[in-house]
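*Asks:* Encoded as structure tokens, here's the structure I'll be asking about.
Numbering (this note's numbering), first residue to last: 1385 to 1522.
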């Protein structure tokens, strides 16, 4: 083998070895960088979803608090022991209010109004009216 061929072969072998080593290092660094980027994106997405869920739950809590202070429901509780047309009208208004609120917030299982003894007097689900919930836990 001629010396020119040996020198050419050694340069070719050296270039090949350097290319393989360089590509390997580049691959390892790129892989680590991509994994870190993907992890950071997933962390941000999870944090964003967490904040969306908290905001949504706060909105439902606010809606429920507003409903609990409803003049219509307070009016019904005030006159619920009375008889007659005024009580019936107040009952219908309270039922309408609960059903409309349930329609707007279908994620909440049920809206109900209890008297001081824990008996359900008005509910978005008419099947639970009259049930005694005084022993139920919060």
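Virtual Cβ for every residue (Gly too), placed ideally from N, Cα, C.
Are the CB atoms of residue 1516 and residue 1503 nearer to each other than 8 Å?
*Replies:* Yes, the Cβ-Cβ distance between residue 1516 and residue 1503 is below 8 Å.
*Asks:* Rounded C-beta distance between residue 1483 and residue 1492? I'm assuming under 8 Å.
*Replies:* Wrong, their Cβ atoms sit about 12 Å apart, outside the cutoff.
*Asks:* Between which residues of its own chain and residue 1473 is the CB-CB distance below 7 Å, once the five residues before and five after are set aside?
*Replies:* Around residue 1473: no qualifying Cβ.
*Asks:* With a threshold of 16 other CB atoms inside 10 Å of the CB of residue 1397, please say whether the residue is buried or exposed.
*Replies:* Classification for residue 1397: exposed.
*Asks:* With DSSP collapsed to three states, give me the class of residue 1486.
*Replies:* If DSSP states are grouped into helix, strand and coil, residue 1486 belongs with the helices.
*Asks:* Can you find the residues in the same chain that come closer than 6 Å, C-beta to C-beta, to residue 1471, ignoring five residues on each side of it along the sequence?
*Replies:* Closer than 6 Å at Cβ, skipping near neighbours: 1463.
*Asks:* Starting from residue 1394, trace the alpha helix (DSSP H) both ways and give me its first and last residue.
*Replies:* Note, residue 1394: alpha helix (DSSP H), 1387 to 1452.
*Asks:* Assess contact between the region 1494 to 1509 and the region 1450 to 1465, defined as three or more Cβ pairs (one per stretch) separated by less than 8 Å. Is contact present?
*Replies:* Contact holds: three or more Cβ-Cβ distances are below 8 Å.
*Asks:* Name the DSSP beta bridge partners of residue 1518, please?
*Replies:* For residue 1518, which the question treats as bridged, DSSP gives no partner whatsoever.
*Asks:* Would you list the one or two residues that DSSP bridges to residue 1498?
*Replies:* Residue 1498 pairs with 1504.
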